[in-house]
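Numbering (the UniProt record's numbering), first residue to last: 1 to 280.
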C-alpha cells in the first residue's frame, strides 16, 4: 500500500533538520500549516504562507528550504495516479488529474478557511487509514480512494479561482536565484562551473554563491549534482537498454567512477540495482 499512497497529517519537522532535493513518481498534494518555508520547485521559488497548497507531479525536482529555528508543519499526500485512475475512469472524472499533468507544479493560495478545514479532516482520516492497514484490507483501501477523490474534487474547485503561477512580485534575490536555476536546468549535462554561470548571466560569483545558498539552502554545485541525479534516475527507467556509462556522460558526469560513487551515496544502491528495482 505504501507504494501507491503515502499520507502525513500535520507532520512536524525537527528544528535544524535539512531537507534534500528530491523527486518521486507519485503526484503530491502539500499543505503548509506553520513555520517559515521557501519552496524551490524546478526553477521557481515560492515563499509559503500558512494555508498555501502546492500541487506537484513529483518528478520535478523540489525541496523545502526551512528556517532552522522555526517549527515546520505541513500535511502531505503522495499518490500514484494509476492507483486512483480506475475510480476516476468509472466516474468520468479523470480531469481531476489534469492540473498535475499539465502544469507539473502550482500554488493555490486561499483565504477560505472552510475549504482548508474540510481538506484537513479528509487528510487526517486518510492518515489514520493509510498507516494502519495492510495490503489485503480491501475495505480500507476503497475508503482511502474515496477520501482521496474528495480531496481532489476540493483542490480542483479551489484551483479554478485561486491558482497562482506567479503568486507575488518577487524580490531581486529570488529573481537571480531563479535565473541561476534555469541556467543549471538547461546546462547540467555539460561541464558547468560558477565561472560559467557568472560569465553567462553577468552576475558575480560571490553574489551567486551567497544568494543561491540563502534562498535554497544548498550550494549551486549541490543543485547541479541533484539535477544530474534526477535525470539519471529518469534515464535508468525510461531507457532500460542504454549503457550506464552513456547515461552518466549524457547527464554531465565526467567519469563513470564518480557517477557510481555519487549515485550509491545518494540513493543507497548501485545504478544497476536501482534500474532492476524500477524496471519490471
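Glycine is no exception: its CB is placed at the ideal position from the N, C-alpha and C atoms.
DSSP bridge partner residues for residue i (one or two, in chain order)
i: residue 62; result: 22 and 41
i: residue 114; result: Beta-bridge pairing links residue 114 to no other residue.
i: residue 249; result: Its beta-bridge partners do not exist; DSSP assigns none.
i: residue 74; result: 11 and 32
i: residue 27; result: 79
Whole-angstrom distance between residue j and residue i, CA atom to CA atom
i: residue 271; j: residue 250; result: 15 Å
i: residue 142; j: residue 153; result: 17 Å
i: residue 87; j: residue 5; result: 15 Å
i: residue 296; j: residue 8; result: No answer is possible for residue 296: it lies beyond the span of the chain, which begins at 1 and ends at 280.
i: residue 32; j: residue 122; result: 16 Å
i: residue 201; j: residue 63; result: 24 Å
i: residue 166; j: residue 155; result: In this prediction, residue 166 has a pLDDT of 47, which is less than 50 and means its spatial position is unreliable; what the coordinates show is noted afterwards. Near 18 Å, if we compare the C-alpha coordinates of residue 155 and residue 166.
i: residue 209; j: residue 267; result: 26 Å
i: residue 189; j: residue 147; result: 42 Å
i: residue 243; j: residue 259; result: 13 Å
Beta carbon of residue i nearer than 7 Å to that of residue j
i: residue 25; j: residue 58; result: yes
i: residue 108; j: residue 29; result: no
i: residue 56; j: residue 94; result: no
i: residue 211; j: residue 265; result: no
i: residue 43; j: residue 178; result: yes
i: residue 237; j: residue 278; result: yes
i: residue 191; j: residue 198; result: no
Identity of the residue in the options nearest residue i by Cα
i: residue 157; options: 198, 110 and 40; result: 110
i: residue 41; options: 60, 259 and 204; result: 60
i: residue 74; options: 161, 98 and 124; result: 124
i: residue 82; options: 27, 229 and 228; result: 27
Residue i CB to nearest heavy atom of the ligand NAD below 6 Å
i: residue 176; result: In terms of ligand content, the structure shown is empty, and the ligand NAD therefore cannot be addressed.
- Query: Quick check: the segment 45-56 against the segment 102-120, are there 3 or more CB pairs under 8 Å?
  - Reply: Short answer: they touch.
- Query: For the segment 250-264 against the segment 208-217, are there 3 or more C-beta pairs whose distance is under 8 Å?
  - Reply: They do not touch, by the three-pair rule.
- Message: Is it the case that the segment 181-195 contacts the segment 120-138, given that we only count it when at least three CB pairs across the two stretches are under 8 Å?
- Response: The segment 181-195 and the segment 120-138 do not touch, with fewer than three beta-carbon pairs separated by less than 8 Å.
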